[in-house]
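Chains as they are written, first to last, in the working numbering: chain A, 6 to 538; chain S, 6 to 538.
For every residue, glycine included, the Cβ atom is placed at its ideal position computed from N, Cα and C.
There are 2 protein chains.
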Amino acid sequence: MAHSSSLPLTFLLILVCHIVEQVNGVWPLPQQRDVSADRYILSPKSFSFTYEKDSAAQSGCFILDAAFKRYFSIIFPDFNDGPALRRYHVWLEPEPFIVSVSVKTRGCDGYPDEDSDESYNLSVSEGQAVLTSVSVWGALRGLESLSQLVYQDDDDAYFINKTEIVDFPRFAFRGLLLDTSRHYLPLHAILKTLDAMAYSKFNVFHWHIVDDPSFPYQSRTFPDLSNKGAFHPFTHIYTQSDVMRVIEHARMRGIRVVPEFDSPGHTQSWGRGQPDLLTPCYKGSTPSGSFGPVNPILDTTYKFMEHLFKEVKSVFPDSYVHIGGDEVSFSCWQSNPDVRTFMENMGFGKDFTKLESFYMESIMNMTAALNKTSIVWQDVFDYHERIPQDTVLEIWKGTTEKYYAEMSRMTKAGHRVLLSAPWYINHISYGQDWRDSYAVRPQNFSGTEEQKKLVIGGEVAMWGEYVDATNLNPRLWPRACAAAERLWSNEEKTLDADLAFPRLEEFRCKLLRRGIQAEPLFVGHCKHEYNDL
Amino acid sequence: MAHSSSLPLTFLLILVCHIVEQVNGVWPLPQQRDVSADRYILSPKSFSFTYEKDSAAQSGCFILDAAFKRYFSIIFPDFNDGPALRRYHVWLEPEPFIVSVSVKTRGCDGYPDEDSDESYNLSVSEGQAVLTSVSVWGALRGLESLSQLVYQDDDDAYFINKTEIVDFPRFAFRGLLLDTSRHYLPLHAILKTLDAMAYSKFNVFHWHIVDDPSFPYQSRTFPDLSNKGAFHPFTHIYTQSDVMRVIEHARMRGIRVVPEFDSPGHTQSWGRGQPDLLTPCYKGSTPSGSFGPVNPILDTTYKFMEHLFKEVKSVFPDSYVHIGGDEVSFSCWQSNPDVRTFMENMGFGKDFTKLESFYMESIMNMTAALNKTSIVWQDVFDYHERIPQDTVLEIWKGTTEKYYAEMSRMTKAGHRVLLSAPWYINHISYGQDWRDSYAVRPQNFSGTEEQKKLVIGGEVAMWGEYVDATNLNPRLWPRACAAAERLWSNEEKTLDADLAFPRLEEFRCKLLRRGIQAEPLFVGHCKHEYNDL
């Protein structure tokens, strides 16, 4: 800053020794944190990451080595600017500061899963930070917290306060959904979202990759699905290489990628590249020319789905797959005489929920045979009591009262559940609507302690009706951060949104500084504004 | 596009000769337009702008020469890409196409004002487009329409259809307000907004430059106003040079810059750099330490305001200045014993609206003495019947019923009015809220034809509580376009939002293509998506 470069050394030292009252917060709030007013000056010149001798991960650990590189630049954002730093270097010989990482178990080239241990302890004292964790995934979370502890004073010097953190997530599944069918999102928009997810400790990217409007996933097995079903067969698709990049970018940040191939509804775009997959709708006794959900009465349908999910298994390493099952309209099935005959033969009468259940059961059997855990939208449970026990149910409908009732019923039936209904943040309104997300209490439904434990987490959903790369980032951030804290932090310590507000404001400025186009929460400014030309 | 580069010539020629049904729309809709299915291929190699012999503007006309440069790149966005074009050049020898411009009056280095004639006629036929207008401002509007008539087919060849347009604005004042006090907007964000305004034929940039939270305007006369009142005295200010750039950028696009220096309320940030300007509030018989609106009882206040508005006059060439006058809280004035004494001496009794009127009258006299037309917010009219006749009243409050009643009263009193209340598009909601803006009918209040004529236009307002450079563009565009069409086009021809929808969708894709981060209106895609890395 122009006005400080001419400060005399004595004045600078006074500045350096001045203890600022407000130290940097961490978002989401760690489970336990003790911060002292003592602080240490940091310099990129004398700052390093290292592995403890007894750590199971050592130099060469892909995931952590890459994280050290990332977090160095995040911690010292001015590093390449030069002049400001050199100023200090002339005057102050910085003490070394070593971040020493110790991981109990190996897994340096692993893939995160539902049982990943993300806990970590972080102890910052003079000249060092000691970060210990069970897994590399916990170490990643600890590095993120560490990076948020570092701050700059008005003179751009870097500091960190003496701090003790014991931290672990409240829920194992902290997801964020992007919808790449209603609008195509360029690869870099997805990668940037993964970056920002890691900053908020989200750990599941739910990729709602295809739907009615378009089929951008370029399938190895069925290339016509994107050739004919994408908005454009070359510019608006995800190649296998694109998908790999997303998965790898996510993995390096401890984020799982759960793809969704939603059927039997939401499949209009599938039909363009896969003849006979969708049910022909009838007007009276003749086909109307339009098509309904996937045709559940043909063997070819199940063969196709089996091939598709085999491919999905080979492409997406996650142990979960989302198979949809929501919002199936029965009118087309009802109009089709072959479907009606099938219903009779199967003894379903006129109850089309039985046909849907029949279909979904077949898909769930397929994914089970592939050793995948299925996630389905709540509709499947609503229609169908005999869902395999390990299927995860995702709640997307209704007011608080209604989703609490649903959670009670589902967990009573022994199912694990994911809560998304109150976090459909594609719905926008004027003002600080993050407060609504923050007020969600995912376990306050009526049920036993055992039932509460079946809530494995939740998901923020950014559906794409009105969202593409032009407005994705400012709609997501920092609004999604509210759910991130609810899913990670201790609820009792984070009930008050007013208390959270200044921390969230500060975190939003950090996001800007990291290149995330996070919108403002209210009147004010950040030292470093978004300034992308 | 990869799949078309290998097309044989014969096939290409078939494509070229194929008449597409849908020709490009123009937004806002011209007053009269006849389009033929005949179309002409355009090539940047053989396309040129020229001045008609009898035109008052000739080569060397700053404003139009600069516009020719701008619109050439807008019309041929692939020009610098090379390969696609060269393809055509090998195969087709393009016929020359000359845009010939004729302007009746000089003014090539002028500044637009309330009487600027923005009408134009545009006639596109084989090998030429003839654009005639009274003023350079009309020529700018015609060039914008021309640029929107050009489209590319699937093979990226450029076309324009035979077209006749007779066009003029419905309202002379078509404004857009940005608020640079609640959040600072970097210069480039303002310049980009001006670009997009020109695409929608907005012609007034209402710069709500200062307010309570910050005073980013760097005053020549009172540098402490921004030194102490800006969010940061170096990074969060508009220097005189910045302001010049904004004015010049706007002028080149036929856009007026009307600055707002809102007082006596909304001035907290002013007080930081100008001691004794604000009213000290009292708690009982002692000052509370906080301050209220501008202190209306001191001579020094009026001297300061006079100096400030003299500077404003010298900096901003527009004949209008916005002097605010909204939302004055009386509680601080009421608490102050000196103010109460002043009230008694003036015979105002306990009616603080009289004090406010007294203050606003003084400011209006100042601006009148400087030959500026004042715009004030409706509050000033509500409190004060004796407003100078040429003061423009801006309506910002209430439902349709209320603002219609206000418009009736104001125009009955002979005042010119600006409508902004239904166009506070900082207020967002889920879905296609542009339809609400589009449904506004600014002259449907009860009143005589003479009264209706006093509606000089309206303004879209993007207040800054929740808006900064991170989300400004997708919130403004294409939502502001709805008001742009309402203010420019014939109302009877644009009543149906469903009819407007495809044209607006197409216009939104054009905005993307021109680098404006305009958000989607609904599910779908543009050939060229926003892809800013």
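Report task. Below 7 Å CB to CB, which residues in the same chain sit around H254(A) once its five sequence neighbours on both sides are set aside? Result -> The beta carbon of H254(A) sits closer than 7 Å to the beta carbons of L196, L199 from its chain, once the five residues preceding and following it are set aside; these are given in chain order.
Report task. To the nearest angstrom, report how far apart H432(S) and S334(A) are at their CA atoms. Result -> Take the alpha-carbon of H432(S) and the one of S334(A): they are about 35 Å apart.
Query - Pick from V40(A), E399(A), R414(A), W428(A) that is closest to V422(A), judged by C-alpha positions - result: Per the Cα distances, E399(A).
**Report entry** Separation of R491(A) from S107(A), as counted between CA atoms
**Finding:** When rounded, the distance between both Cα atoms is 28 Å.
Requested in this report: Would you list the one or two residues that DSSP bridges to M436(S)?
Outcome: It should be noted that the sequence gives Gly, not Met, for residue 436(S). None, per the DSSP bridge assignment.
Report task. Can you give me the start and stop residues for the beta strand (DSSP E) that G112(A) sits inside? Result -> Segment: none, G112(A) is in no beta strand (DSSP E) and carries neither H nor E.
Query raised in the report: CA-CA distance, P13(A) and P238(S)?
Result: Residue confidence is low: P13(A) scores 38 on pLDDT, short of 50, so the model does not pin down where it sits. Its coordinate-derived value is still stated next. When rounded, the separation of the alpha-carbon atoms in P13(A) and P238(S) is 21 Å.
Requested in this report: From the DSSP output, read off the bridge partner residues of V460(A).
Outcome: The partner list for V460(A) (beta bridge, DSSP) reads V422(A).
Query raised in the report: What is the residue span of the beta strand (DSSP E) that H533(S) lies within?
Result: Under the DSSP assignment, H533(S) falls outside any beta strand (DSSP E); it carries neither an H nor an E label.
Query raised in the report: So is H213(A) in contact with chain S if we call contact Cβ pairs under 8 Å?
Result: False, the Cβ-Cβ gap to chain S never drops below 8 Å.
Query raised in the report: Where DSSP assigns a beta bridge to H211(S), which residues make up the other side?
Result: Paired residue(s): L182(S), V263(S).
Query raised in the report: Quick one: is N300(S) buried, meaning 16 or more other Cβ sit within 10 Å of its Cβ, or exposed?
Result: Buried is the call here.
Report task. Could you have a look at N300(A) and say whether DSSP puts it in helix, strand or coil? Result -> For N300(A), the secondary structure class from DSSP, reduced to helix, strand or coil, is coil.
Query raised in the report: Is the beta carbon of F321(A) less than 8 Å from the beta carbon of I252(A)?
Result: With contacts defined as CB atoms closer than 8 Å, F321(A) and I252(A) qualify as a contacting pair.
Query - Near-chain S residues of the stretch 521-537 of chain A (beta-carbon distance less than 8 Å), N- to C-terminal order - result: Flagged, chain order: Q522, A523, E524, P525, L526, F527, V528, G529, H530, K532, E534, Y535, N536, D537.
**Report entry** Interfacial residues, the stretch 421-439 of chain S to chain A, with Cβ spacing under 9 Å
**Finding:** Residues of the stretch 421-439 of chain S with a Cβ closer than 9 Å to any Cβ of chain A, in chain order: N431, H432, I433, S434, Y435, G436, Q437.
Report task. Answer yes or no: does any C-beta atom of chain A fall closer than 8 Å to that of R519(S)? Result -> The beta carbon of R519(S) sits no closer than 8 Å to any beta carbon of chain A.
Requested in this report: State the DSSP-derived secondary structure class of V31(A), mapped to helix, strand or coil.
Outcome: Secondary structure at V31(A): coil, using DSSP grouped into helix, strand and coil.
**Report entry** alpha helix (DSSP H) runs wholly inside the stretch 452-505 of chain S, at least 4 long, in chain order
**Finding:** The DSSP assignment places 454-458, 477-481, 484-493 as complete runs of the alpha helix (DSSP H) inside the stretch 452-505 of chain S, in order along the chain (cut-off: 4 residues).
Query - CA nearest to the CA of R484(S), picked from W382(S), K206(S), L526(S), K515(S) - result: The shortest C-alpha separation from R484(S) is found at L526(S).
Report task. Have a look at D59(S) and N478(A) and give me their C-alpha separation to the nearest angstrom. Result -> Rounded to the nearest whole angstrom, the C-alpha separation of D59(S) and N478(A) is 52 Å.
Query raised in the report: Are the stretch 347-367 of chain S and the stretch 402-417 of chain S in contact at 8 Å, needing three or more beta carbon pairs?
Result: Between the stretch 347-367 of chain S and the stretch 402-417 of chain S, the count of Cβ pairs shorter than 8 Å is below three; the stretches do not touch.
**Report entry** Beta bridge counterpart(s) of D39(A) as assigned by DSSP
**Finding:** Beta-bridge pairing links D39(A) to E169(A).
Query raised in the report: Which word fits S224(A), buried or exposed, when buried means at least 16 other C-beta atoms lie within 10 angstroms of its C-beta?
Result: S224(A) is buried by the Cβ-count criterion.
Requested in this report: Could you check what DSSP says for T55(A) in three-state terms: helix, strand or coil?
Outcome: In the structure shown, T55(A) falls within a strand segment according to DSSP collapsed to helix, strand and coil.
**Report entry** Start and end residues, beta strand (DSSP E) containing N126(A)
**Finding:** 125-130 is the extent of the beta strand (DSSP E) around N126(A).
Query raised in the report: Among T346(S), N350(S), N376(S), F353(S), which residue has its Cα nearest to the Cα of V3(S)?
Result: Residue coverage of chain S in this structure runs from 6 to 538, which leaves residue 3(S) outside it and unanswerable.
Query raised in the report: Using a Cβ-Cβ distance under 8 Å, would Y471(S) count as near chain A?
Result: Under the Cβ criterion of 8 Å, Y471(S) is counted among the residues facing chain A.
Requested in this report: Verify whether the separation of the beta carbon atoms of P33(S) and W493(S) is less than 8 Å.
Outcome: Going by C-beta atoms, P33(S) is nearer than 8 Å to W493(S).
Query raised in the report: Would DSSP call K288(S) helix, strand or coil?
Result: Under the three-state reduction of DSSP output, K288(S) falls in the strand class.
Query raised in the report: For chain A, is any of its Cβ atoms less than 8 Å away from the one on F236(S)?
Result: With 8 Å as the cut-off, F236(S) counts as an interface residue toward chain A.
Requested in this report: Check R542(A) in the structure and name its three-state DSSP category.
Outcome: In the structure as shown, chain A starts at 6 and stops at 538, and residue 542(A) therefore has no counterpart that could be examined.
Query raised in the report: For a contact meaning CB atoms closer than 9 Å, what does A474(A) contact in chain S?
Result: Close to A474(A), with beta-carbon spacing below 9 Å, are these residues of chain S in chain order: Q522, E534, Y535, N536, D537.
Report task. State the start and end residues of the unbroken alpha helix (DSSP H) segment that holds T198(S). Result -> In the DSSP assignment, T198(S) falls within the alpha helix (DSSP H) that extends over 192-204.
Query - Residue interval of the alpha helix (DSSP H) (run including Y116(A)) - result: Segment: none, Y116(A) is in no alpha helix (DSSP H) and carries neither H nor E.
Query raised in the report: Straight-line CA distance for N232(S) to R518(A)?
Result: Roughly 24 Å between the two C-alpha positions.
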